[in-house]
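Written out below as structure tokens is the structure these notes cover.
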């Protein structure tokens, strides 16, 4: 039986380590998992023998040389002593062996043609037969700290791509070349959207005027949808006392992702890393009856996360997050309808942004880790996971289940979407919380006047401004639809004599709340048009002598080409309607 692609990628990580050891005998392999598009291995090399990009071809060639002899990978369970003896010169493997033994788990070694590695398993059954030699490629090097800790040794991470066939590999590489052209950092600079500054700090974006348009249009969209969905808007502080995060349980489970506390007036204050505890306090501020529920509290709140420096990446991984967040407090009977409405909200957003491919990733808990990684409520875990699963099935929404990745307080859904060029992104999250409301003594009076604890749905369908805009930049390649474009129309007079008439058109556009700019530079007409196209502006209005004589304007579209000569009022109405429709 053929092995899964994940197993093939995992096997290739071992093959990479084997090839490296033959070329660099003093290297020390650490860990090498499969990832979404291939595999990687973190390796310590002697300081004077670290490979560069030019050495990847040689390592890759050696992998192909070894592959035909890897007829099978065989595993065996060994004692801690046996495993330690085998890896006596590799401190990283010895550390892993001690941890596995301390947990009382099995220690297994897997071997293929003279190469042995510490591994839990999950490999191609017959690597030589199942892995086409042209279906993988080593593609880049990166630095990586051991165990992701900046205090530890920096290792060399070798990445590889791997797919079932050569054709799939080539298609992926074409997609990645297109992704390079659409890199949100590159386009962000070209379009003056955002900036990072060393004095402000890494991972803390400064939104320039053009980028601020994007953030405000997204916030406006979210507020409109939430108003229609009967959400109530709230605002909360950017910091809070330690006692609140202890009560919520975030400090024990999440402290590593929060900024260090500030000592003030004999207590500790933390920067807000999430909105939910604040919203729980707002719910608790007034008594509630079952007649009040569901209560939907929404906020565009700014959060701060202590992301590691090596993991920061443009807008995709930042330390300041503007979050489209809300919390829905409901009864158990209301849960299905509320959760379904949240999913419908996601689908509406997908339609607006032209997202055709998506999947909901339902993350469940691991019963063995209750009390350690998850709140110890086994019955509630089963009940809420079943409730979420049932809504997804009834709604016919595509989803997959992923064990052991739930939030500490309940199951969650991560929304995976694909951009226009077929690249996958984790976009947003939707979580069920059955534990924290109880910690905050949140209650409502039921029909009999008895206190009951509400369920809480956490939802952020646009994720964060930062990550979502990073996705949209790639998705549109910077060619934003009219309603979202920082500059919607460029007014271009053909010659200086037409500047006064062009100014009147520009003023009329601004009066309609259309983001217009006028080009009164000394550049020639042809260059002005080229500049507007390079700036990815959706429409430009050209005004020359014939237009003025006819009391009309010439409208041209970035996407559809020349539309033609129109009365100004007709052009204004056409543009206004396209903005209103968010088409």
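Residue numbers (this note's numbering): 1024 to 1606.
Cβ atoms here follow ideal geometry from the backbone N, Cα and C, with glycine treated the same way.
Computed from a prediction, not measured in an experiment: that's the story for all the values here.
Just to confirm my understanding: we take residue 1102, look at its own chain, exclude 5 residues before and 5 after, and list those with CB closer than 8 Å. What are they? Around residue 1102: 1130.
Considering only C-alpha positions, which residue in the set 1368, 1217, 1466 and 1171 is nearest to residue 1006? Any answer about residue 1006 is impossible in this case: the structure gives the chain only from 1024 up to 1606.
Assuming contact is defined by CB atoms lying nearer than 8 Å, are residue 1425 and residue 1384 in contact in what I supplied? Yes, they are a contact pair.
Hey, is the stretch 1143-1160 in contact with the stretch 1176-1189, meaning 3+ C-beta pairs nearer than 8 Å? Taking 8 Å as the limit for Cβ pairs, the verdict is that the stretch 1176-1189 does touch the stretch 1143-1160.
Alpha helix (DSSP H) runs wholly inside the stretch 1168-1212, at least 4 long, in chain order: Those alpha helix (DSSP H) runs which fall completely within the stretch 1168-1212 and span 4+ residues are 1189-1204.
Does the count of Cβ pairs from the stretch 1201-1219 and the stretch 1231-1239 closer than 8 Å reach three? Result yes; three or more Cβ-Cβ pairs closer than 8 Å.
By the 10 Å Cβ neighbour count, where 16 or more other Cβ atoms means buried, how is residue 1346 classified, buried or exposed? Within a 10 Å sphere around the beta-carbon of residue 1346 sit 16 or more other beta-carbons, which makes this residue buried.
Do residue 1434 and residue 1455 have their beta-carbon atoms positioned less than 8 Å apart in this structure? Against a cut-off of 8 Å, the Cβ pair of residue 1434 and residue 1455 comes out as a contact.
Nonlocal neighbours in the same chain, by C-beta distance under 6 Å from residue 1462, ignoring five residues either side: Contacts found: 1270.
Option nearest residue 1341 by Cα separation, candidates 1537, 1350, 1349 and 1330: Nearest Cα to residue 1341 within the set 1537, 1350, 1349 and 1330: 1330.
Applying the 10 Å Cβ sphere with the 16-neighbour rule, what's the burial state of residue 1557? Counting the other CB atoms within 10 Å of its CB gives residue 1557 a total below 16, which places it among the exposed residues.
Count the C-beta pairs between the stretch 1512-1526 and the stretch 1253-1271 that are closer than 8 Å, then say yes if the count reaches three, no if not. Counting Cβ pairs under 8 Å, fewer than three are found: no touch.
Identify, in the order they occur along the chain, each residue of the same chain with its Cβ nearer than 7 Å to the Cβ of residue 1031, setting aside the five sequence neighbours on each side. Once the five neighbours on either side are set aside, the close Cβ partners of residue 1031 are 1147, 1153, 1154 and 1185.
Any idea which residues DSSP pairs residue 1349 with across the strands? As a beta-bridge residue in DSSP terms, residue 1349 pairs with 1321 and 1482.
Taking the alpha-carbon positions, what's the residue 1417 to residue 1401 distance? For residue 1417 and residue 1401, the distance between alpha carbons rounds to 24 Å.
Per DSSP, residue 1376 forms a beta bridge with which residues? Paired residue(s): none; residue 1376 is not in a bridge.
Considering only residues of the same chain and omitting the five flanking positions on each side of residue 1407, which have a CB-CB separation below 8 Å? Within its own chain, the residues whose Cβ lies closer than 8 Å to the Cβ of residue 1407, once the five positions on either side in sequence are excluded, are 1433, 1434, 1455, 1457 and 1478, listed in chain order.
Assuming contact is defined by CB atoms lying nearer than 8 Å, are residue 1485 and residue 1241 in contact in what I supplied? The answer is yes: Cβ separation under 8 Å.
From 1060, 1080 and 1057, residue whose alpha carbon lies closest to that of residue 1043: Nearest C-alpha to residue 1043: 1080.
From the DSSP output, read off the bridge partner residues of residue 1099. Partner(s): 1132.
In its own chain, which residues sit with a C-beta less than 7 Å from the C-beta of residue 1372, not counting the 5 before and 5 after it? These residues qualify, in order along the chain: 1484 and 1485.
Grab me the residues of residue 1501's own chain with a C-beta within less than 8 Å of its C-beta, minus the 5 sequence neighbours each way, in chain order. Closer than 8 Å at the Cβ level, and outside the excluded window around residue 1501, lie 1205, 1210, 1213, 1214 and 1559.
Tell me which residues share the same chain as residue 1238 and place their Cβ nearer than 8 Å to its Cβ, disregarding the 5 neighbours each side in the sequence. Only 1230, 1345, 1488 and 1492 meet the Cβ criterion.
Let's see if you can read the secondary structure: which residues bound the beta strand (DSSP E) around residue 1281? From DSSP, residue 1281 is part of no beta strand (DSSP E); its letter is neither H nor E.
Quick test of your reading: residue 1272 and residue 1459, contact by CB under 8 Å. State the CB separation rounded to the nearest angstrom. Residue 1459 and residue 1272 do touch by the CB rule: their CB atoms are close to 6 Å apart, below 8 Å.
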